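Chemist:
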Amino acid sequence: MCIDLHTHSIYSDGSSTPLELVELAIKQGITALALTDHDTMDGVEEMMQLGEEYDLTILSGVEISAMYNKQSIHLLGYGIETTNSTFTQWLALLQGGRTERNHKILASLQELGFEITDRDLQQMSGTGLAGRPHIANILIKKGIVRSFDEAFRSYLGRGKKAWHCRFCYSAIETISAIHRAGGIAVLAHPGQIDSSMKRQPALIRELALYGLDGIEIYYPSHSKKMKKKLFALAAENNLLVTGGSDYHGATRPANMPACSGGTFCPPVELLAPIVEKINQYK
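Offset between the sequence shown (1-based) and our numbering: plus 74.
1. Let's test the definition: count the other Cβ atoms within 10 Å of the Cβ of residue 121 and tell me whether it reaches 16, buried, or not, exposed.
2. Specify the secondary structure class of residue 347 as computed by DSSP and reduced to three states.
3. Pull up the distance between the alpha-carbon of residue 192 and that of residue 312, whole angstroms please.
4. Pick out whichever of 180, 226, 92 has its Cα sitting closest to the Cα of residue 84.
5. Do residue 342 and residue 75 count as a contact pair if the criterion is CB distance below 7 Å?
6. Tell me whether residue 223 sits in a helix, a strand or coil according to DSSP, three-state version.
7. Using only alpha-carbon positions, find the residue among 224, 277, 294, 229 that is nearest to residue 288.
8. When you compare only the Cα positions, how much space is there between residue 107 and residue 132?
9. Residue range of the beta strand (DSSP E) that residue 142 falls in?
10. Around the Cβ of residue 139, are there at least 16 other Cβ atoms within 10 angstroms (buried) or fewer (exposed)?
11. Give the secondary structure of residue 309 by DSSP, where H, G and I count as helix, E and B as strand, and everything else as coil.
12. Output yes or no for whether 7 Å exceeds the beta carbon distance between residue 258 and residue 351.
13. So what does DSSP say about residue 316, is it helix, strand or coil?
14. Go through its chain and collect everything with a Cβ distance to residue 279's Cβ below 7 Å, but skip five positions before and after it.
15. Please report how far the alpha carbon of residue 151 lies from the alpha carbon of residue 185, in whole angstroms.
16. Could you work out which residue in 251, 237, 353 is closest to residue 243 when comparing CA atoms only?
17. Is there a Cβ of chain C sitting closer than 7 Å to that of residue 306, yes or no?
18. What do you reckon, are the CB atoms on residue 104 and residue 262 nearer than 7 Å?
19. The alpha helix (DSSP H) that contains residue 85, what's its start and end?
20. Report the three-state DSSP secondary structure of residue 352 (helix, strand or coil).
21. What would DSSP say about residue 192, mapped onto helix, strand or coil?
22. Which residues does DSSP pair with residue 260 in a beta bridge?
23. Less than 7 Å between the C-beta atoms of residue 326 and residue 238, yes or no?
24. Of the choices 248, 246, 283, 307, whose alpha-carbon is the least far from that of residue 273?
25. On the three-state DSSP scale, how would you describe residue 294?
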């Protein structure tokens, strides 16, 4: 049996509804699931209600972009109550930063001669919090690029033709906000920070001093060698081990969900220490 504590829905840049994610998890033999949309918890309450209906363990979650020493990282927050208005207001500044950046990106793309409008973005994002992945899919739909990777490589990635930065809290502020809201803070997909694994040891040690609770070690692109190093860092810094697929559905078809008996299956034994740690903050 396995768990999947990193998924995305239509409330950010995924293509699946919470119901579709729950049904897929049951089909895949998942025993615990977390919805970790980018900078929003709008779909979490719906997901938790579905968990009760389908007898599936659901952890509340969110994925937050943050900065540490000019390094962009992502932090996962688990166990935060959806009714926490203070945390919701804290997230609102991040959401406003996304909206402001979207306008700048569209303006840059228009200057390059591409007719992409706010209406196009609204139609692509639907109920979700719009971002660069939605713009990438518009570029694909309009035939400007052939793939998601090409969209970021040519236009949307850091330093590219339509790149714009956005407001982010620091990693220290983010960890603190998650703790104040009664949640735990986990470093998401650390292997993506630096594939050579040279930056991670110092980064993880420093974040642990500021209260980081865990590391997402089980992640589809993490190699055996990478996971071995991350396990050592987790043990050295007394950090929890978590795992998730980063499933987005059709918007990023390469990211497949965890599957019991499949090639990617974060073990269910990870869940109890995570829940125990969450309860310590309550």
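Glycine is no exception: its CB is placed at the ideal position from the N, C-alpha and C atoms.
Since the model is a prediction, treat every value here as computed from it, not as a measurement.
Modeler: Considering the structure as presented:
1. On the sequence shown, residue 121 is found 47 positions in, with the first residue counted as 1. Around the beta carbon of residue 121, 16 or more other beta carbons lie within 10 angstroms, which makes this residue buried.
2. Looking up residue 347 in the sequence shown gives position 273. In this structure, residue 347 counts as helix in the three-state DSSP scheme.
3. In the sequence shown, residue 192 corresponds to position 118, counting from 1. In the sequence shown, residue 312 corresponds to position 238, counting from 1. Using only the alpha carbons, I get a separation of about 46 Å.
4. As a position in the sequence shown, residue 84 is number 10, starting the count at 1. Checking every option, the nearest Cα to that of residue 84 belongs to 92.
5. What you label residue 75 is simply residue 1 of the sequence shown in a count that begins at 1. What you label residue 342 is simply residue 268 of the sequence shown in a count that begins at 1. Remark: C-beta atoms of residue 75 and residue 342 approach each other more closely than 7 Å.
6. In the sequence shown, counting from the first residue as 1, residue 223 sits at position 149. In the structure shown, the three-state DSSP call for residue 223 is helix.
7. Stepping through the sequence shown from its first residue, residue 288 is reached at position 214. Looking at the Cα atoms, 277 is the closest of the given residues.
8. In the sequence shown, counting from the first residue as 1, residue 107 sits at position 33. In the sequence shown, counting from the first residue as 1, residue 132 sits at position 58. Cα atoms of residue 107 and residue 132: separation of roughly 5 Å, rounded to the nearest angstrom.
9. Taking the first residue of the sequence shown as position 1, residue 142 is located at position 68. Element bounds for residue 142: 131-142.
10. Position 65 of the sequence shown holds residue 139. Residue 139 comes out buried.
11. What you label residue 309 is simply residue 235 of the sequence shown in a count that begins at 1. Three-state DSSP puts residue 309 in a helix.
12. Here residue 258 refers to the residue found at position 184 when the sequence shown is read from its first residue. Here residue 351 refers to the residue found at position 277 when the sequence shown is read from its first residue. By the CB criterion at 7 Å, residue 258 and residue 351 fall inside the cutoff.
13. Locating residue 316 in the sequence shown gives position 242, counting from the first residue. Here DSSP, grouped into helix, strand and coil, assigns residue 316 to strand.
14. Numbered from 1 along the sequence shown, position 205 holds the residue referred to as residue 279. For residue 279, the CB contacts under 7 Å within the same chain, skipping 5 residues up- and downstream, are 311 in chain order.
15. As a first step, residue 151 is located in the sequence shown; it is residue number 77 there, counting from the start. As a first step, residue 185 is located in the sequence shown; it is residue number 111 there, counting from the start. Residue 151 and residue 185: Cα-Cα distance of roughly 38 Å.
16. Position 169 of the sequence shown, counting from 1, holds the residue named residue 243. For the residues 251, 237, 353, the minimum Cα distance to residue 243 belongs to 251.
17. Considering every chain present, this structure includes no chain C. It has just one protein chain.
18. Residue mapping note: residue 104 aligns to position 30 of the sequence shown, counting from 1. Residue mapping note: residue 262 aligns to position 188 of the sequence shown, counting from 1. Going by beta carbons, residue 104 and residue 262 fall outside the 7 Å limit.
19. Taking the first residue of the sequence shown as position 1, residue 85 is located at position 11. No alpha helix (DSSP H) contains residue 85, which DSSP labels as neither H nor E.
20. Residue 352 sits at position 278 when you count from the first residue of the sequence shown. Residue 352: helix per DSSP, three-state reduction.
21. By 1-based counting over the sequence shown, the position of residue 192 is 118. Helix, per DSSP.
22. Here residue 260 refers to the residue found at position 186 when the sequence shown is read from its first residue. For residue 260, which the question treats as bridged, DSSP gives the partners 150, 288.
23. Numbered from 1 along the sequence shown, position 252 holds the residue referred to as residue 326. Numbered from 1 along the sequence shown, position 164 holds the residue referred to as residue 238. Not a contact, by the Cβ cut-off of 7 Å.
24. Reading the sequence shown from its first residue, position 199 is the one you call residue 273. Among 248, 246, 283, 307, the Cα nearest to that of residue 273 is on 307.
25. To locate residue 294, count along the sequence shown from 1; it is residue 220. In the structure shown, residue 294 sits in coil (DSSP, three-state: anything other than H, G, I, E or B).
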